[in-house]
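To convert a position in the sequence shown, counted from 1, into the working numbering, add 226. Glycine residues also receive a C-beta, built at the ideal position from the N, C-alpha and C atoms. Notes for the one structure printed next.
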Amino acid sequence: MSHRRPAIAVPARNEEKRLPRLIAALGSQDWLHGGWRLPVVIVLNNCTDNSREAVLATAAHFPQLDIELFDLTLPPAESHVGWARRIAMDAALLKRCEVILTTDADAEPRPSWVSANLAAVAGGADIVGGRLIGDPDEERRHGKAFLRRAALVARHQQLADRLASLIDPLPYDPWPRHVHHTGGSLAIRADLYRHLGGLPPLACREDLALVSRARAAGARLRHAPDAEVVVSARLAGRTGNGMAECISGWIEDERCRRPILVEDPERAAARFRLRRELRELATPDGRWRNPHAPERLSLLSMAGGPIMERPLSLIERIAGDEPDAPCTRPIAEAIAQLEELVRDAERSHAA
C-alpha cells in the first residue's frame with residue numbers, strides 16, 4: 227500500500243443528509259489501517275441547511291480524519307462548484323500532501339478508494355480518474371425504462387472507449403479502464419496541481435477543464451478501474467449541468483418516448499485517429515519531431531493557423547473530449563457499428 231501523503235477536498239452545498247455518509251466512507255478507508263490520519267477539507271458553499279452541524283457531529287465519530295471545515299458565503303458570481311472545489315483543493319495543497327483527491331458531497335467512496343488512487347500514482351500516473359457507480363437503490367426507483375437507457379448509454383461509452391484504446395493506445399492508461407475523470411473521483415499529484423495554477427474556477431465542468439489542462443501539459447491520466455465511488459442518482463442536484471439534470475432529462479425523454487441519440491461512431495473514430503497521428507509527430511518530451519514535416523503542415527487548416535503550440539496541447543484543442551458532440555445516430559445502430567469497428571481493430575492488432 228502506498229505511503230504517499232493524501233489530502234481530500236470536498237465542495238458541498240446543502241448536503242446535511244449526505245455529508246455524514248461521505249465522512250463515514252472516508253473514515254472507513256483501508257489506507258487508514260497504517261495508523262495515519264487523513265486530512266479532509268470540506269468547503270460549505272452558501273449553505274442554508276444544517277450541513278455544518280452534520281459535519282461536526284459525524285466527525286466526532288472518526289478521529290482518524292483530520293477535518294478542516296470552511297463555512298463560506300461566496301458572492302453570487304462565485305457561489306458555484308468551481309470556486310468551492312478550487313478553494314477546497316487549494317486548502318488541501320497546504321496540508322503538505324503529495325496527492326490531492328477530490329470527490330463530491332453526495333458520494334460514497336469504496337473502502338479502497340484512497341489506496342487505489344495512490345497505487346495508480348505510484349504506478350506512474352500524474353492524474354487519476356475514478357470509476358463512478360450510480361447508487362443502485364436510487365437507480366431502481368427510477369424504473370425499468372431508466373435502467374434500460376442507463377445500460378445502453380454505458381455500453382455505448384464502453385465500446386467507444388475500447389475503440390479509442392485500440393486506435394490511440396496509451397501505455398499509461400491501458401485496457402481495461404473506464405471513461406470517468408470528473409469531480410466525483412479525481413486525484414492529482416500536488417506538484418502538478420501547483421504547476422498548473424490550480425483548478426479553473428468555472429461554474430460547471432471545472433473538473434474536465436483541469437484534466438484537459440493537465441493532459442495538454444503532458445500529464446499521464448489513468449482511468450483506474452479499482453478506484454470506485456458510488457454517486458447519487460437523485461433528480462434534484464446542487465449544480466447546473468450535473469448528473470441530476472442528466473438523469474432528469476433521461477426520465478423525461480423516456481416518458482415522451484424520445485429516441486436515444488449519440489455521436490456517429492465514424493466521427494468519433496476520426497477524432498481518435500487524429501489524436502494518434504498527432505502523437506506520432508511528437509517526441510517523447512512532447513515537442514514536434516520535425517517542424518517542417520508535410521504531415522505537420524497539413525494540420526494548419528484544422529488548427530486554424532500556424533501551429534505554435536506543442537502536439538499534446540493541439541490534441542486537446544482540436545481532438546480532445548467532446549462532451550457536447552452532435553448526437554445524430556440512434557444508440558442501437560451506433561452500438562452495432564462500434565461493435566464491428568472494435569472487432570476489426572482487435573483483429574488488426576492480433577495480426
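Proximal residues to leucine 258 (C-beta, below 7 Å), its chain only, five neighbours per side dropped: Leu264 and Gln290
N-terminal and C-terminal residue of the beta strand (DSSP E) that leucine 298 is part of: 291-298
Runs of alpha helix (DSSP H) wholly within the segment 296-356 (minimum 4 residues, chain order): 307-319 and 339-348
Where aspartate 352 falls, given that 16 or more other Cβ within 10 Å makes a residue buried: buried
Identified DSSP bridge partners for isoleucine 234: Val266 and Leu327
Which of helix, strand or coil DSSP assigns to arginine 555: strand
For proline 451, three-class secondary structure by DSSP: strand
Rounded separation between alanine 235 and proline 397 - CA only: 29 Å
Spatial neighbours of serine 338 in its chain, beta-carbon cut-off 6 Å, leaving aside the 5 residues before and after: Asp256
Alpha carbon of arginine 244 to alpha carbon of proline 362, nearest angstrom: 16 Å
Outcome for glutamate 478 when other beta-carbon atoms lying within 10 angstroms are tallied against a minimum of 16: exposed
Residues bridged to alanine 413 [DSSP beta-bridge criterion]: Leu327 and Val354
Range of the contiguous alpha helix (DSSP H) that encloses serine 539: 537-545
Coarse secondary structure for tyrosine 286, derived from DSSP in three states: Inspection of the sequence shows that residue 286 is occupied by alanine rather than by tyrosine. In the structure shown, alanine 286 sits in coil (DSSP, three-state: anything other than H, G, I, E or B).
DSSP beta-bridge partners of alanine 508: Trp514
Isoleucine 477 (DSSP reduced to helix, strand or coil): helix
Run of the alpha helix (DSSP H) containing aspartate 363, from where it starts to where it stops: 362-367
Bridge-paired residues (DSSP) for asparagine 271: Leu298
Reduced DSSP category for valine 405 - H, G, I as helix; E, B as strand; rest coil: coil
8 Å Cβ cutoff met for isoleucine 414 and phenylalanine 498: no
Residue(s) in a DSSP beta bridge with leucine 258: Leucine 258 pairs with nothing; no bridge assigned.
DSSP-derived helix/strand/coil call for isoleucine 359: strand
Cβ neighbour criterion (16 or more within 10 Å) applied to alanine 280: buried
Burial state of glutamate 334, where buried means 16 or more other Cβ atoms lie within 10 Å: buried
Pair within 8 Å by beta-carbon distance, isoleucine 486 and proline 556: yes
Through-space distance from glutamate 572 to arginine 374, alpha-carbon basis: 28 Å
Selected residue, minimal CA-CA separation from glutamate 492, among Leu436, Ala317, Asn272 and Ile561: Ile561
Own chain residues within Cβ distance below 7 Å of methionine 227, not counting five before or after: Unreliable positioning characterises methionine 227 in this predicted model, as indicated by a pLDDT of 45, which lies under 50. The coordinate reading is nonetheless provided below. Counting only Cβ-Cβ distances below 7 Å, and skipping sequence neighbours, we find Trp257, Gly260 and Ser341.
Nearest-angstrom Cβ-Cβ length linking valine 266 and alanine 317, presumed shorter than 8 Å: Going by Cβ atoms, the distance from valine 266 to alanine 317 rounds to 10 Å, so no, they are not a contact pair.
Reduced DSSP secondary structure (H/G/I, E/B, other) of leucine 487: strand
Spatial distance of alanine 380 from isoleucine 359 (CA atoms): 11 Å
Separation of isoleucine 293 from threonine 284, as counted between CA atoms: 11 Å
Assumed close pair glutamate 432, valine 307 - CB separation to whole angstroms, cut-off 8 Å: 7 Å
Candidates Arg231, Leu447 and Leu298, of which the one nearest proline 237 by Cα: Leu298
Residue span of the alpha helix (DSSP H) that contains glutamate 548, given as start and end: Premise fails: glutamate 548 is in no alpha helix (DSSP H) and is neither H nor E.
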